[in-house]
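In UniProt numbering, the protein residues as written are 1 to 75. Encoded as structure tokens, the structure appears first; notes follow it.
The structure is reproduced here in structure tokens:
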């Protein structure tokens with residue numbers, strides 16, 4: 001998304017997203033925190049969660065995926 005030329009509207013709410021919200025390229029101009037509602041594992045600006053804590057922005061705990069669980073069952 002950071003490589004898009006323009007971004008008029010973006011709604012990522014309730015998509016089970018996780019990790020840091022990218023803040024490069026055109027994403028710097030997108031500042032609507034309501035577009036990320038319902039994603040409790042998402043963090044960084046424009047969300048208040050960890051936005052002012054740079055030491056927490058460097059790494060977020062990994063969120064297990066279905067692939068991770070399948071590998072454990074097979075291994």
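Note that the Cβ used here is the ideal one computed from N, Cα and C, for glycine as well. Please read these numbers as outputs of a predicted model, since none were measured by experiment.
If you drop the 5 nearest sequence neighbours on each side, which residues of the same chain put their C-beta closer than 7 Å to that of residue 38?
Indexing the chain shown from 1 puts residue 38 at position 38. Same-chain partners within the cutoff: 13 and 14.
Tell me the DSSP secondary structure of residue 34 in three-state form.
Reading the chain shown from its first residue, position 34 is the one you call residue 34. Correct three-state label for residue 34: helix.
Excluding the 5 residues flanking residue 47 on each side, which residues of the same chain have their C-beta closer than 8 Å to its C-beta?
As a first step, residue 47 must be located in the chain shown, where it is residue number 47. Excluding positions up to five away in sequence, the list reads 21, 33 and 36.
Can you grab the Cα-Cα spacing for the pair residue 24 / residue 9, in whole Å?
The count along the chain shown starts at 1 and reaches residue 24 at position 24. The count along the chain shown starts at 1 and reaches residue 9 at position 9. Residue 24 and residue 9: Cα-Cα distance of roughly 17 Å.
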